[in-house]
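Trainee:
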Amino acid sequence: MFYLAYLKAELIRRIGKTLIIAAGLAIASAIIIAIISTSQGLSNSQKTVLNPLENVGTDILVSRSVENKKMSSLDATTSAELASENRVTTDLSKLGDAGDSFSLDTFMSGTMLTFASSETKKLTSDLVKEYASGLILTVTYQEGKIPEITAEFKTGGEKFEIPGVTPMTDAERAAVDAARQKAMDALKAKGIDPQSEEGRKAVRDAEQAATPERFKGAGSTFTAPTRTYRQTLETPQTDIKTESYTIAGVDTSKTDIGLILPSQITEGTYFKVAGQAVINISYAQKNNLKVGGKITINGKELPIVGIVDPKLYTNTADIYVPLADLQTIAGKADRINVILIKATDAKAVDATSEKIAGLFAGANVTNSKDTASKVTGSLMDATGLMNRFIGLVSVIIILAAFIIVSLITVFSVNKRTQEIGTLKAIGWKNSSIVRQIFLENLVIGVFGAILGIGLGIGAIVLLNYFNISFSANVASSNTLQGLSGMMRGFGGGPQAAASSSSTGTTANLKLNVGLDHLILLIGAAVAIVGSVVAGLIASFRASKMKPQEALRQL
2 MFYLAYLKAE LIRRIGKTLI IAAGLAIASA IIIAIISTSQ GLSNSQKTVL
52 NPLENVGTDI LVSRSVENKK MSSLDATTSA ELASENRVTT DLSKLGDAGD
102 SFSLDTFMSG TMLTFASSET KKLTSDLVKE YASGLILTVT YQEGKIPEIT
152 AEFKTGGEKF EIPGVTPMTD AERAAVDAAR QKAMDALKAK GIDPQSEEGR
202 KAVRDAEQAA TPERFKGAGS TFTAPTRTYR QTLETPQTDI KTESYTIAGV
252 DTSKTDIGLI LPSQITEGTY FKVAGQAVIN ISYAQKNNLK VGGKITINGK
302 ELPIVGIVDP KLYTNTADIY VPLADLQTIA GKADRINVIL IKATDAKAVD
352 ATSEKIAGLF AGANVTNSKD TASKVTGSLM DATGLMNRFI GLVSVIIILA
402 AFIIVSLITV FSVNKRTQEI GTLKAIGWKN SSIVRQIFLE NLVIGVFGAI
452 LGIGLGIGAI VLLNYFNISF SANVASSNTL QGLSGMMRGF GGGPQAAASS
502 SSTGTTANLK LNVGLDHLIL LIGAAVAIVG SVVAGLIASF RASKMKPQEA
552 LRQL
């Protein structure tokens with residue numbers, strides 16, 4: 002057909018204009034493809050960090066973690082338990098003689114208190130589809146030589162006598178106890194707290210009234226002579242070194258839910274039998290540990306069978322071993338401090354979390370909403386910035402491309418005044434003129450779209466080539482900070498542990514920009530639609546030309 006031959010001739014004859022318009026459309030298309038693809042890559046990375054529970058097949062995580070800001074308000078029982086599980090006692094006298102070499106591992110639960118593994122029996126099938134137990138501990142490792150420490154001191158042999166009083170009889174002591182109890186009962190009956198100032202005074206008065214007369218005013222006052230004691234300690238010569246690392250016991254009976262999964266192994270294999278170790282990839286790189294090597298934990302040597310890139314960012318460890326092995330090595334038989342739960346109803350995770358919290362006294366129940374609030378870093382900043390400006394930037398790019406292409410097309414049509422007038426003079430209708438210019442721009446748009454897809458793919462390949470990475474700082478659920486007052490040092494003295502575990506995990510995530518067919522089609526549509534709209538504007542302008550005006554310029 003004539004108009005197709007004419008279309009081909011016009012595109013080739015005006016090859017410069019064709020290439021310029023196509024290039025402009027291609028650049029706009031490529032930028033749109035690159036921006037949307039990058040945004041999608043950032044969103045995927047963000048999703049990985051914001052919901053680490055999903056990375057290990059989990060909806061809910063249950064623990065007995067204690068927040069640092071609540072340390073001062075703990076009840077006596079919990080405070081004592083926290084101190085007991087995080088005390089480091091190094092009695093050098095029990096490790097050998099002075100000059101002997103020693104090594105010692107001390108296992109601490111940090112702020113994640115342990116509880117009996119039998120507690121999992123409370124989980125019912127109407128709430129929980131599947132669960133896995135775990136035990137995460139911080140290990141303080143010490144090694145060196147036992148130092149020689151000597152001390153010499155002398156005291157006097159003075160004797161001090163205090164006038165004695167006949168001790169209370171059992172009957173008298175019982176009378177005092179009865180008076181105290183009676184006073185407390187009377188206070189409670191009146192609605193007065195026995196521990197209040199008024200209550201304590203009433204109890205003291207009752208005790209005083211029941212105390213035998215011989216004790217009232219009894220006693221003596223004396224001033225002890227001042228004594229100065231001097232103690233000489235030789236400075237201990239030792240090379241004791243202290244290091245800390247985290248270790249986790251994994252429920253190896255589950256492979257689709259747990260602290261780590263087989264799919265996260267980057268080198269080697271997952272656990273096959275008991276007595277094996279899997280190392281966190283960052284810890285392995287830092288300490289030059291490899292598959293086939295061995296590590297020693299509390300005197301037990303374990304072969305390294307795999308390297309893992311753990312995705313449960315809120316609860317990672319340096320070393321992973323089977324749960325039963327860690328319970329034995331650490332002396333924590335049948336103890337765990339974390340339960341990972343897959344909810345029966347995936348759409349009611351919040352409701353399930355509330356019900357599970359009611360099953361465990363003092364439990365800290367965490368789901369994806371809680372973990373998201375713990376994440377900060379450059380990944381979050383970049384994603385937030387991209388989400389805020391992606392729409393605005395895309396609109397600006399599309400408008401700029403459209404305006405440029407429209408101006409070029411209209412300018413080109415204006416230069417074709419004589420040609421269009423001649424076509425009208427020989428019988429071309431307005432519809433034929435519109436069709437001609439429309440088809441020219443459609444072909445240019447398709448060419449620009451193809452070129453834009455190629456440039457967009459090239460931009461994506463280039464972005465991936467540079468291995469752009471972002472960091473996400475995830476607050477850890479387990480820490481030893483704030484526990485120094487509850488720990489013990491060498492010889493049982495009141496010293497803090499030599500080091501403490503990290504307060505969080507920094508996840509370095511590589512930006513992976515993928516090729517999405519829908520995004521490529523969107524980029525192509527931008528080029529085609531932009532060119533077609535510009536062509537329609539120019540063609541309607543051309544259709545209004547009068548043949549006599551065009552022929553007058555011949």
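If you read the sequence shown in my numbering, its first letter stands for residue 2, the second for the next number, and so on.
Glycine included, every Cβ here is placed at the ideal spot set by N, Cα and C.
Would you call the CB atoms of residue 267 and residue 130 closer than 8 Å?
Mentor: no
Trainee: Looking at the structure shown, is residue 14 part of a helix, part of a strand, or coil, going by DSSP?
Mentor: helix
Trainee: For residue 124, name the three-state secondary structure that DSSP assigns.
Mentor: coil
Trainee: Under DSSP, the alpha helix (DSSP H) around residue 359 begins and ends at which residues?
Mentor: 350-360
Trainee: Between the beta-carbon of residue 299 and the beta-carbon of residue 101, is there less than 8 Å?
Mentor: Residue 101 is positioned such that its CB atom lies no closer than 8 Å to that of residue 299.
Trainee: Go ahead and pull the three-state DSSP assignment for residue 299.
Mentor: coil
Trainee: Would you decide whether residue 286 is buried or exposed? Buried here means 16 or more other CB atoms lie within 10 Å of its CB.
Mentor: Under the 10 Å beta carbon count, residue 286 is surrounded by fewer than 16 other beta carbons and is classified as exposed.
Trainee: For residue 495, which residues in the same chain have their Cβ closer than 6 Å to its Cβ, ignoring the five residues on either side in sequence?
Mentor: Residue placement at residue 495 cannot be trusted, given a pLDDT of 34 that sits under 50; the coordinates are not used to answer.
Trainee: Opposite residue 432 in the DSSP bridges: which residues?
Mentor: None, per the DSSP bridge assignment.
Trainee: Output needed for residue 222: all residues of its chain with C-beta closer than 7 Å, excluding positions within five of it in sequence on either side, in chain order.
Mentor: Unreliable positioning characterises residue 222 in this predicted model, as indicated by a pLDDT of 48, which lies under 50. The coordinate reading is nonetheless provided below. Shown here for residue 222: not one same chain residue has a beta carbon closer than 7 Å to its own, the five before and five after excluded.
Trainee: Is residue 183 closer than 8 Å to residue 207 when the C-beta atoms are compared?
Mentor: Yes, they are a contact pair.
Trainee: Could you have a look at residue 183 and say whether DSSP puts it in helix, strand or coil?
Mentor: In this structure, residue 183 counts as helix in the three-state DSSP scheme.
Trainee: Using a Cβ-Cβ cutoff of less than 7 Å, which residues in the same chain neighbour residue 11 once the five nearest sequence positions on both sides are dropped?
Mentor: Cβ neighbours of residue 11 beyond the five flanking positions: 441.
Trainee: With DSSP as the reference, label residue 195 as helix, strand or coil.
Mentor: In the structure shown, residue 195 sits in coil (DSSP, three-state: anything other than H, G, I, E or B).
Trainee: Start and end of the beta strand (DSSP E) containing residue 130?
Mentor: If you look at residue 130, you'll find it in the beta strand (DSSP E) that goes 129-146.
Trainee: Helix, strand or coil for residue 504, going by three-state DSSP, please let me know.
Mentor: Here residue 504 scores only 46 on pLDDT, less than 50, and its place in the model is too uncertain to base an answer on.
Trainee: Which residue from 63, 104 and 98 puts its Cα closest to that of residue 121?
Mentor: 63
Trainee: Given that a residue counts as buried once 16 or more other Cβ atoms are within 10 Å of its Cβ, and exposed if not, what is residue 539?
Mentor: buried
Trainee: Give the DSSP-derived three-state secondary structure of residue 466 in the structure shown.
Mentor: Three-state result, residue 466: helix.
Trainee: What's the C-alpha gap between residue 517 and residue 42?
Mentor: 11 Å
Trainee: Which one or two residues does DSSP pair with residue 104 in a beta bridge?
Mentor: Residue pairing by DSSP places residue 104 opposite 144 in a beta bridge.
Trainee: Can you tell which of 261, 209, 247 and 535 has the C-alpha that lies nearest to the C-alpha of residue 400?
Mentor: 535
Trainee: Using the C-alpha atoms, what's the distance from residue 68 back to residue 484?
Mentor: Caution applies to residue 484, whose pLDDT of 47 falls short of 50 and renders its modelled position unreliable; the model cannot decide the point.
Trainee: Who are the near neighbours of residue 185 in its chain, counting only those whose CB is closer than 7 Å to its CB and skipping five residues on each side?
Mentor: 195 and 204
Trainee: Inspect the beta-carbon positions of residue 275 and residue 326 and report whether they are closer than 8 Å.
Mentor: yes
Trainee: Determine the extent of the alpha helix (DSSP H) in which residue 327 is found, giving its start and end residues.
Mentor: Run containing residue 327: 324-330, per the alpha helix (DSSP H) assignment.
Trainee: Quick one: residues in its chain with C-beta nearer than 8 Å to the C-beta of residue 123, no 5 flanking neighbours on either side, listed in chain order?
Mentor: 360 and 361
Trainee: So, with DSSP's three-state summary, where would you put residue 83?
Mentor: helix
Trainee: Using DSSP's beta-bridge definition, name the partner residues of residue 64.
Mentor: 339 and 365
Trainee: What's the call for residue 545, buried or exposed, on a 16-neighbour Cβ count within 10 Å?
Mentor: exposed
Trainee: Could you give the distance in angstroms between the alpha-carbon of residue 542 and the alpha-carbon of residue 26?
Mentor: Residue 26 has its alpha-carbon roughly 22 Å from the corresponding atom of residue 542.
Trainee: Find the nearest neighbour of residue 529 within the set 408, 454 and 304, judged by alpha-carbon distance.
Mentor: 454
Trainee: Helix, strand or coil: how does DSSP classify residue 284 here?
Mentor: helix
Trainee: What is the rounded straight-line gap between the Cα of residue 438 and the Cα of residue 537?
Mentor: 8 Å
Trainee: Should residue 138 go down as buried or exposed, given a rule of 16 or more other Cβ atoms within 10 Å for buried?
Mentor: buried
Trainee: Between the C-alpha atoms of residue 443 and residue 23, what's the straight-line distance to the nearest angstrom?
Mentor: In this structure, the CA atom of residue 443 is about 10 Å from the CA atom of residue 23.
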